[in-house]
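Below is one structure; the comments refer to it alone.
There are 2 protein chains.
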Amino acid sequence: MASLGVTPRSEDYARWYTDVVQKADLADYSPVRGCMIIKPYGYELWEAIKRELDRRFKATGHQNAYFPLFIPMSFMEKEAEHVEGFAPHLAVVTHGGGQKLDEPLVVRPTSETLIGHAFSKWIQSYRDLPLLINQWANVVRWEMRTRLFLRTTEFLWQEGHTAHATYEDAQEETMRMLDVYTDFAVNEAAIPVMPGRKSEKEKFAGALASYSIEAMMGDVKALQAGTSHNLGQNFAKTFEIKFLDENNELKYCWTTSWGVSTRMIGAIVMAHGDDKGLRLPPRLAPYQAVIVPIHRTAEERATVLDAAERIRAMLDDGGVRVILDRRDDVTPGYKFNDWEMRGVPLRIEIGPRDVQNGTVVLARRDLPAGQNKTSASQEGLVGRVIELMDEIQANMLRQATEFRDAHLHEVNSYDELKEVVRDGWALAWFCGRPECEDQIKADTGGATSRNFPLDQEGGEAKCVACGRPAKEKAYFAKAY
Amino acid sequence: MASLGVTPRSEDYARWYTDVVQKADLADYSPVRGCMIIKPYGYELWEAIKRELDRRFKATGHQNAYFPLFIPMSFMEKEAEHVEGFAPHLAVVTHGGGQKLDEPLVVRPTSETLIGHAFSKWIQSYRDLPLLINQWANVVRWEMRTRLFLRTTEFLWQEGHTAHATYEDAQEETMRMLDVYTDFAVNEAAIPVMPGRKSEKEKFAGALASYSIEAMMGDVKALQAGTSHNLGQNFAKTFEIKFLDENNELKYCWTTSWGVSTRMIGAIVMAHGDDKGLRLPPRLAPYQAVIVPIHRTAEERATVLDAAERIRAMLDDGGVRVILDRRDDVTPGYKFNDWEMRGVPLRIEIGPRDVQNGTVVLARRDLPAGQNKTSASQEGLVGRVIELMDEIQANMLRQATEFRDAHLHEVNSYDELKEVVRDGWALAWFCGRPECEDQIKADTGGATSRNFPLDQEGGEAKCVACGRPAKEKAYFAKAY
Chain A
303 MASLGVTPRS EDYARWYTDV VQKADLADYS PVRGCMIIKP YGYELWEAIK
353 RELDRRFKAT GHQNAYFPLF IPMSFMEKEA EHVEGFAPHL AVVTHGGGQK
403 LDEPLVVRPT SETLIGHAFS KWIQSYRDLP LLINQWANVV RWEMRTRLFL
453 RTTEFLWQEG HTAHATYEDA QEETMRMLDV YTDFAVNEAA IPVMPGRKSE
503 KEKFAGALAS YSIEAMMGDV KALQAGTSHN LGQNFAKTFE IKFLDENNEL
553 KYCWTTSWGV STRMIGAIVM AHGDDKGLRL PPRLAPYQAV IVPIHRTAEE
603 RATVLDAAER IRAMLDDGGV RVILDRRDDV TPGYKFNDWE MRGVPLRIEI
653 GPRDVQNGTV VLARRDLPAG QNKTSASQEG LVGRVIELMD EIQANMLRQA
703 TEFRDAHLHE VNSYDELKEV VRDGWALAWF CGRPECEDQI KADTGGATSR
753 NFPLDQEGGE AKCVACGRPA KEKAYFAKAY
Chain B
303 MASLGVTPRS EDYARWYTDV VQKADLADYS PVRGCMIIKP YGYELWEAIK
353 RELDRRFKAT GHQNAYFPLF IPMSFMEKEA EHVEGFAPHL AVVTHGGGQK
403 LDEPLVVRPT SETLIGHAFS KWIQSYRDLP LLINQWANVV RWEMRTRLFL
453 RTTEFLWQEG HTAHATYEDA QEETMRMLDV YTDFAVNEAA IPVMPGRKSE
503 KEKFAGALAS YSIEAMMGDV KALQAGTSHN LGQNFAKTFE IKFLDENNEL
553 KYCWTTSWGV STRMIGAIVM AHGDDKGLRL PPRLAPYQAV IVPIHRTAEE
603 RATVLDAAER IRAMLDDGGV RVILDRRDDV TPGYKFNDWE MRGVPLRIEI
653 GPRDVQNGTV VLARRDLPAG QNKTSASQEG LVGRVIELMD EIQANMLRQA
703 TEFRDAHLHE VNSYDELKEV VRDGWALAWF CGRPECEDQI KADTGGATSR
753 NFPLDQEGGE AKCVACGRPA KEKAYFAKAY
């Protein structure tokens, strides 16, 4: 049986991350360069993420569709900035059915081009607008250095694509979906993300403006966990996405795109994990509670398993995602470690004495050992467990928020910025120029602007790095 | 506004099919050779199919996972029959990240090889068995002649992959999943499929035995709508999938695989569609009922829409998937045709007189014009509509079964077989030899064995074609 321990975070954070992903059975490397296998437990987590995002997409009027995996190279090349951004990351099919193809096909890195082409056929008049489409799909971006969930050649994601009659409508949609992502991250994943606008240098290849939610990981580095782009009329002009307005005038549409990927799983691991492994927010956890029976004799075993099964059925009926660990070939102690590694929010222990007393022991994953156990009556347990799910969810968000706030610092000088980004995020006046951002990156050993947060006080000051006029503050941090 | 008519089935069935798929907004051709775009209405139907299959997979103990899109060419080549079967249909990535790859990558046509490799790492002992995995994914099989949903270079599907300790366990799983497919087809899609074993010639490349469900389309041709394979130890030996049994002996596993694809949508179109368009079984229909308001004056419009919205909300609360067609730019007659084209099982008409009388008119899609309309009270409408959903579902299955049975003929001579397969399926004693099957195909202008149905009387007779001994009867038909 494999050891359940992981490298401590303080010793080697990168190693800790990979250990947890593998030992919690979320994913594994594959024999295919840069591609991972998402194992059942990891995929269940992805299904929960999909369920909660899809619900929000549909509630905001979007419909799912599916577009081809392959994109003719000529389509990619139509939008100059777009192809420039993606060219180094393309996987190219040159042969099909035993023949060399006349035109190579790109395995989609994203689908603006193909969907733009489809939109140009689907949209005729203002009555067809807004057109609100989402696609759940796999995409491929060739990567030299890969890390499970964070950076892989193939990954799963959703890509929203919408078309609108005016700039204002497109901008409203862009912000609406950024809000949807923020709401999902905060309320489902318990990650207090920072929404904001990306700098010129960091924006999407071909966008007018890009927005992101940025999450602070356990090593204080930033992770971009979702993006929403106002594409202006760039793709509409390239792909002739036009409509007849109310006055019968032919106009170009305004389009948006937005995406969240399996990277979100990496964000959850690093926002909440500890040296015992994963910690999953109850709203997304494949199992919200695990029941571990404790017994020595065969007689005890029968009585305890009987009671445990009754409790399992009761919780299951009550809508709690619960599993009873019936394994006989491992000890209760092993099971404790195993389910802690997998991040199950609540452990329910039941032994012979508990059966007699009509009680169980509840052990919360979100609290430190020594403070996390309480006894509870079997009567009314469903209600207590449901209550606890909300408490744990809220506490995990609180813990992550406190950690984030302890590492956020507003800075007033370049020296201060350089100091802060060693172990934190710096909020500073920033001119937004790519050259200035390059300089900051060089001077700090890799910190980049994360985004201009949405809530700005306004006013004007000098850029923290170059001294030129700056109208907004931006977060700077080292990032994944 | 595009015309809503389709080519009559009697005139050109193939054209009728494509017309319906496009005009019902299920899918469309894309600028990518052989690849289709699944439009929102078609994708909603696929989501319903996924939902019902996934529920059955989970209820039978399967877990979802995700494996890489790319397969190293050397993996494909390990199983001789397998690569031989798939080689003519492979799409090959030769370049990634701007470099020529050392080893070409195949875009998965199916994942036995890669999943077999993973299983060899995941399985150690009998305790790890059975291993029951499913994957929802896109696959690519290069096709020269493509047809929407029926044969496309890229399609969506699920592929189940399982490993077992014994032949018997693998065979039981193979049949269990064939049952799941049959149950889904009959009870959700209202298609009375014929489950059976494929002939040597028609079986999956690398399988010990393949089973299929075969569906009769409106032009009497057969469509293979799902397959389940007992892979024996072929892939286990190729990929070293071994386990230690209870006696600590190292043994090869027995594996299975099974799949259903977006082809199922084509089956639904052709099993139920008529000259007015699609007819969807209520259990899978994205919308089970559509409300069409009828009014002339502005005053009528206000009253009728008010009542219609009340009915919509009532049905929605009752769990009916319902839509109110509020469009003002098309007539009620146009709406009738439009929703008939889209196959919505029930139309609810409401006009000023209905508002006064507290009634609506119900028009069923499964009955012919003239016999399909009844008046119903608004009171108790939810219950009536839910009842009707069951009636329509049952009636569609009955209609399809009657049509199937009218075109199934047991034959006793080769002449009879040749006659029957012109416009029907022939059930005949068959030796099962590939050479004999080739002969039948040549003599009948394309009929192939569909499968050996599961329920055989037994006994032995002479093969209908070659006169050699035969132990089973098989269905012969022309097929998609």
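Quick note, the sequences are listed as chains A and B, same order. For the first sequence, this note's numbering assigns the number 303 to the initial residue and increments by one for each residue that follows. For the second sequence, this note's numbering assigns the number 303 to the initial residue and increments by one for each residue that follows. Built from N, CA and C at the ideal position, the CB exists for glycine as well.
Show which residues of chain A have a CB atom less than 7 Å away from the CB atom of residue i.
{"i": "residue 341 of chain B", "result": "367"}
{"i": "residue 768 of chain B", "result": "Residues of chain A passing the Cβ test: none, with the nearest at roughly 34 Å."}
Suppose you measure from the CA of residue i to the CA of residue j; what does that come to, to the nearest Å?
{"i": "residue 723 of chain A", "j": "residue 576 of chain A", "result": "22 Å"}
{"i": "residue 610 of chain A", "j": "residue 698 of chain A", "result": "28 Å"}
{"i": "residue 614 of chain B", "j": "residue 664 of chain B", "result": "14 Å"}
{"i": "residue 783 of chain B", "j": "residue 642 of chain A", "result": "The shown model of chain B, from 303 to 782, leaves out residue 783 of chain B, and the question about it has no answer."}
{"i": "residue 767 of chain A", "j": "residue 773 of chain A", "result": "14 Å"}
{"i": "residue 535 of chain B", "j": "residue 775 of chain B", "result": "28 Å"}
{"i": "residue 654 of chain A", "j": "residue 676 of chain A", "result": "17 Å"}
{"i": "residue 368 of chain B", "j": "residue 725 of chain B", "result": "43 Å"}
{"i": "residue 372 of chain A", "j": "residue 407 of chain A", "result": "6 Å"}
{"i": "residue 392 of chain B", "j": "residue 749 of chain B", "result": "27 Å"}
Taking DSSP as the reference, what is the three-state secondary structure of residue i?
{"i": "residue 626 of chain A", "result": "strand"}
{"i": "residue 376 of chain A", "result": "helix"}
{"i": "residue 479 of chain A", "result": "helix"}
{"i": "residue 303 of chain B", "result": "Residue placement at residue 303 of chain B cannot be trusted, given a pLDDT of 42 that sits under 50; the coordinates are not used to answer."}
{"i": "residue 595 of chain B", "result": "strand"}
{"i": "residue 531 of chain B", "result": "strand"}
{"i": "residue 248 of chain A", "result": "The question about residue 248 of chain A has no answer here: the residues shown for chain A are numbered 303 through 782."}
{"i": "residue 520 of chain A", "result": "coil"}
{"i": "residue 607 of chain A", "result": "helix"}
{"i": "residue 732 of chain A", "result": "strand"}
{"i": "residue 613 of chain A", "result": "helix"}
{"i": "residue 425 of chain B", "result": "coil"}
{"i": "residue 310 of chain B", "result": "coil"}
{"i": "residue 742 of chain A", "result": "helix"}
{"i": "residue 369 of chain A", "result": "coil"}
{"i": "residue 466 of chain A", "result": "strand"}
Which residues of chain A have a Cβ atom closer than 8 Å to the Cβ of residue i, listed in chain order?
{"i": "residue 345 of chain B", "result": "365, 366, 367 and 368"}
{"i": "residue 373 of chain B", "result": "334"}
{"i": "residue 738 of chain B", "result": "Correct list: empty, because the minimum Cβ distance to chain A is about 30 Å."}
Who are the neighbours of residue i on chain B, taking C-beta pairs under 9 Å?
{"i": "residue 631 of chain A", "result": "429"}
{"i": "residue 586 of chain A", "result": "Per Cβ cutoff of 9 Å: no residues; residue 586 of chain A is ~16 Å from chain B at best."}
Does any CB atom of chain B fall closer than 8 Å to the CB of residue i?
{"i": "residue 393 of chain A", "result": "yes"}
{"i": "residue 467 of chain A", "result": "no"}
{"i": "residue 396 of chain A", "result": "yes"}
{"i": "residue 458 of chain A", "result": "yes"}
{"i": "residue 714 of chain A", "result": "no"}
{"i": "residue 320 of chain A", "result": "no"}
{"i": "residue 315 of chain A", "result": "no"}
{"i": "residue 626 of chain A", "result": "no"}
{"i": "residue 555 of chain A", "result": "no"}
Below 7 Å on C-beta distance, what does residue i contact in chain B?
{"i": "residue 326 of chain A", "result": "Residues of chain B passing the Cβ test: none, with the nearest at roughly 14 Å."}
Does any residue of chain A have a CB that is nearer than 8 Å to the CB of residue i?
{"i": "residue 446 of chain B", "result": "yes"}
{"i": "residue 733 of chain B", "result": "no"}
{"i": "residue 420 of chain B", "result": "yes"}
{"i": "residue 304 of chain B", "result": "Only weak support exists for where residue 304 of chain B lies, its pLDDT of 48 falling under 50; the value from the coordinates is given anyway. So no, residue 304 of chain B is outside the interface."}
Show which residues of chain B have a CB atom less than 8 Å away from the CB atom of residue i.
{"i": "residue 390 of chain A", "result": "399 and 400"}
{"i": "residue 409 of chain A", "result": "371, 395 and 409"}
{"i": "residue 349 of chain A", "result": "366"}
Taking Cβ positions only, does residue i come closer than 8 Å to chain D?
{"i": "residue 440 of chain B", "result": "The structure shown contains no chain D; its protein chains are A and B."}
List, in order along the chain, the chain A residues whose C-beta lies closer than 9 Å to that of residue i?
{"i": "residue 765 of chain B", "result": "Near residue 765 of chain B there are no residues of chain A at all, since even the closest Cβ is about 35 Å away, more than 9 Å."}
Three or more C-beta pairs closer than 8 Å, one from the segment 388 to 398 of chain A and one from the segment 407 to 425 of chain A: is that the case here?
yes
Would the segment 560 to 577 of chain A count as touching the segment 529 to 544 of chain A if we require 3 or more Cβ pairs under 8 Å?
yes
Does the structure place the segment 351 to 367 of chain B close enough to the segment 358 to 365 of chain A that three or more beta carbon pairs sit under 8 Å?
no
Does the structure place the segment 484 to 492 of chain A close enough to the segment 534 to 548 of chain A that three or more beta carbon pairs sit under 8 Å?
no
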